[in-house]
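Trainee: First the structure, which I've put down as structure tokens, then a few questions once you've had a look.
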Amino acid sequence: MNAVEARGLSKRFGPKLALKDVSFDVRKGEIMGLLGPNGAGKTTTVRILTGILRPDSGSATVMGHDVLEEPLEIRRCIGYLPETPCLYERLTVEENLAFYGRLYDVPEEELRRRIRDLLALVGLKDRAGEKVGALSKGLKQRVAIVRALVHDPPVLILDQPTSDLDPASAKDIRGLIKELNRSGKTVLICTHNLTEAEELCDRIAIINEGCVLAVGKPGELVKDLEGSHHSFEISSFGSISKYLKVIEGLGGVLEVKQVGEDRAVVVLEDRKAISAVVRELILKGCDVLEVRMLRPGLEEVYMRLVRGP
Ligand SMILES: Nc1ncnc2c1ncn2[C@@H]1O[C@H](COP(=O)(O)OP(=O)(O)OP(=O)(O)O)[C@@H](O)[C@H]1O
Ligand SMILES: [Mg+2]
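975 is the number of the first residue of the sequence shown in the working numbering; add one for each residue after it.
Below, the structure written as structure tokens:
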């Protein structure tokens, strides 16, 4: 059994078809990323999984429980960090957490212990008595994550947990997510940050305009693209400008871009054409220093899928 199974989810808002037949799994113990641009349907998908929103068609389970038929079990299984975290600014950190813990019927003694342990885990042990409104965004986000954890759910669903944070705070939060994953939590994270997806996720589903375009390990998705990708960076001693025309005129060269005084990127129809390019450059007097094949990154996979080739 997978931690999450989404099957053929569709959702319309008036004339807007926000989700079209969305299916994917989240395996137990993994960090899965839903990666897509603004308006792709990430939040709509996770709101359906948490039971906040009803799909028009399709079904989904979390830890084997049907999101439509078993709302109480679903609440117990999922820790949800919404896009805009809902904390009470005028309550203290501890009061906020205790409030949510009671909503989830966590026994008082257990709740106290959990709040203490979780605050220690996120480095906020000494801030329990402070008003949430007085904390920085990064610290608020840590409290919001703890809030999603007070009932000790096996699955964490985080909607853009670092989108509003500075790079250092975002890195802290990513570290925390990894730690929670190591401690046994399955994580589904929505993001449009490619570096975050690559750094954090075991697998990702790329979603755009309500459709899942690809699912796989970041490395696998990149590998699929490698076969059809033939870009090389050529660097020379001294300026390369005057040789660009030479390269452009050769057969099999699709594109030439100067990327620095002494460097150019060439895109070829077939990677074998690189030998002819280098031979011609040397014949024309260019002192070639280095030729490097550019491997595609997740960014390129993403751009191709989202924007087309
Ligand atoms: N309650 C709603 N009423 C009307 N349209 C909605 C509603 N919620 C979402 N939409 C539309 O559905 C589409 C998907 O929105 P969604 O919020 O799921 O995208 P997202 O991937 O989370 O985007 P973002 O990265 O900006 O958070 C968008 O076109 C959005 O405008
Ligand atoms: Mg969203």
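Note that beta-carbon positions come from the ideal geometry of N, C-alpha and C, so glycine has one too.
If you measure between the beta carbons of V1240 and V1233, is that distance less than 8 Å?
Mentor: By 1-based counting over the sequence shown, the position of residue 1240 is 266. By 1-based counting over the sequence shown, the position of residue 1233 is 259. Going by C-beta atoms, V1240 is not nearer than 8 Å to V1233.
Trainee: From the DSSP output, read off the bridge partner residues of H1039.
Mentor: As a position in the sequence shown, residue 1039 is number 65, starting the count at 1. DSSP, once it has assigned bridges, lists V1036 as partnering H1039.
Trainee: Can you list, in chain order, the residues of its chain with a C-beta nearer than 7 Å to that of T1017? Leave out the 5 residues immediately preceding and following it.
Mentor: Position 43 of the sequence shown holds residue 1017. Cβ within range, chain order: E1057, D1133 and C1164.
Trainee: Residue ranges of each alpha helix (DSSP H) run of no fewer than 4 residues wholly in the region 1113-1156, ordered along the chain?
Mentor: Runs found: 1141-1156.
Trainee: For D1176, I'd like the list of residues in its chain whose CB is within less than 6 Å of its CB, leaving aside the five on either flank, ordered along the chain.
Mentor: Reading the sequence shown from its first residue, position 202 is the one you call residue 1176. Within the same chain, D1176 has close Cβ partners E1004 and I1005.
Trainee: Out of F1206, A1179 and G1184, state which residue places its alpha-carbon closest to the alpha-carbon of G1193.
Mentor: Position 219 of the sequence shown holds residue 1193. Here the closest residue by C-alpha is A1179.
Trainee: Please determine, among E1172, V1230 and L1085, the residue with the shortest C-alpha to C-alpha distance to V1275.
Mentor: Taking the sequence shown and counting its residues from 1, the one referred to as residue 1275 is at position 301. Of the listed residues, the one whose Cα sits closest to V1275 is E1172.
Trainee: According to DSSP, is I1208 helix, strand or coil?
Mentor: Residue 1208 sits at position 234 when you count from the first residue of the sequence shown. Reduced to three states, the DSSP call for I1208 is strand.
Trainee: By Cβ distance below 7 Å, which residues in the same chain neighbour N976 in space, the five residues on each side in sequence not counted?
Mentor: Position 2 of the sequence shown, counting from 1, holds the residue named residue 976. Only D999, V1000, R1001 and K1002 meet the Cβ criterion.
Trainee: Hey, out of L1065, S1143, C1260 and L1071, whose CA is closest to K1216's CA?
Mentor: Along the sequence shown, read from residue 1 onward, the residue named residue 1216 stands at position 242. Considering only alpha carbons, the answer is C1260.
Trainee: Does at least one heavy atom of ligand 2 sit under 7 Å from the Cβ of Q1134?
Mentor: Taking the sequence shown and counting its residues from 1, the one referred to as residue 1134 is at position 160. Yes, the Cβ of Q1134 comes within 7 Å of a heavy atom of ligand 2.
Trainee: Quick check on the DSSP output: the alpha helix (DSSP H) that includes K1180 runs from which residue to which?
Mentor: Taking the sequence shown and counting its residues from 1, the one referred to as residue 1180 is at position 206. The sequence shown places Ile at residue 1180, not Lys. Counting along the chain, I1180 falls outside any alpha helix (DSSP H), though it belongs to the beta strand (DSSP E) covering R1177 to N1182.
Trainee: Sort E1170, H1166 and L1046 by Cα distance to P1127 and report the nearest one.
Mentor: In the sequence shown, counting from the first residue as 1, residue 1127 sits at position 153. For P1127, the nearest C-alpha among the options comes from L1046.
Trainee: Can you give the beta carbon distance from T1019 to L983, rounded, assuming they're within the 8 Å contact cut?
Mentor: Numbered from its first residue, the sequence shown carries residue 1019 at position 45. Numbered from its first residue, the sequence shown carries residue 983 at position 9. Between L983 and T1019 the Cβ distance is about 7 Å, and since that is below 8 Å, they are a contact.
Trainee: Is the region 1204-1219 touching the region 1261-1272, taking contact as three or more C-beta pairs under 8 Å?
Mentor: Flag = yes, the region 1204-1219 and the region 1261-1272 touch.
Trainee: Tell me which residues share the same chain as V1186 and place their Cβ nearer than 8 Å to its Cβ, disregarding the 5 neighbours each side in the sequence.
Mentor: By 1-based counting over the sequence shown, the position of residue 1186 is 212. For V1186, where only same-chain residues beyond five positions count, the Cβ hits under 8 Å are V996, S997, F998, A1179 and I1180.
Trainee: Grab me the residues of Y1062's own chain with a C-beta within less than 8 Å of its C-beta, minus the 5 sequence neighbours each way, in chain order.
Mentor: The residue given as residue 1062 occupies position 88 in the sequence shown. Once the five neighbours on either side are set aside, the close Cβ partners of Y1062 are E1069, N1070, F1073 and V1106.
Trainee: Which residues have their C-beta within less than 5 Å of a heavy atom of ligand 1, listed in chain order?
Mentor: In chain order, the qualifying residues are F987, A992, N1012, G1013, A1014, G1015, K1016, T1017 and T1018.
Trainee: My output table needs one value for S1110: the three-state DSSP class, helix, strand or coil.
Mentor: If you number the sequence shown from 1, residue 1110 lands on position 136. Coil.
Trainee: At 3 residues or longer, and completely inside the region 1006-1081: list those beta strand (DSSP E) runs for me, N to C.
Mentor: The qualifying runs are 1031-1036 and 1052-1055.
Trainee: Helix, strand or coil for K1099? Go by DSSP, reduced to three states.
Mentor: Counting from 1 along the sequence shown, the entry for residue 1099 is found at position 125. The answer is helix: DSSP assigns K1099 an H, G or I state.
Trainee: Cα-Cα, which of I1022, G1223 and P1011 is closest to V1280?
Mentor: Start at 1 with the first residue of the sequence shown, and residue 1280 comes out as number 306. Checked all of I1022, G1223 and P1011; the closest Cα to V1280 is P1011.
Trainee: Starting from S1249, trace the alpha helix (DSSP H) in both directions and tell me its first and last residue.
Mentor: Here residue 1249 corresponds to residue number 275 of the sequence shown, with the count starting at 1. S1249 -> alpha helix (DSSP H) spans I1248 to L1257.
Trainee: Using the Cα positions of A1188 and L1195, report the straight-line distance between them to the nearest angstrom.
Mentor: Within the sequence shown, the letter at position 214 stands for residue 1188. Within the sequence shown, the letter at position 221 stands for residue 1195. Rounded to the nearest angstrom, the two C-alpha atoms are 8 Å apart.
Trainee: How about E1057: is its Cβ closer than 7 Å to a heavy atom in ligand 2?
Mentor: Position 83 of the sequence shown, counted from the start, is the residue given in the question as residue 1057. E1057: yes, Cβ under 7 Å from ligand 2.
Trainee: Using a 10 Å radius around the Cβ and a threshold of 16 neighbouring Cβ atoms, would you call T1169 buried or exposed?
Mentor: Against the sequence shown, residue 1169 aligns to sequence position 195. So T1169 ends up on the exposed side.
Trainee: Less than 8 Å between C-beta atoms, sequence neighbours within five positions excluded: which residues of the same chain meet that for G1225?
Mentor: On the sequence shown, position 251 is the one that residue 1225 refers to. Within the same chain, G1225 has close Cβ partners A1247 and A1250.
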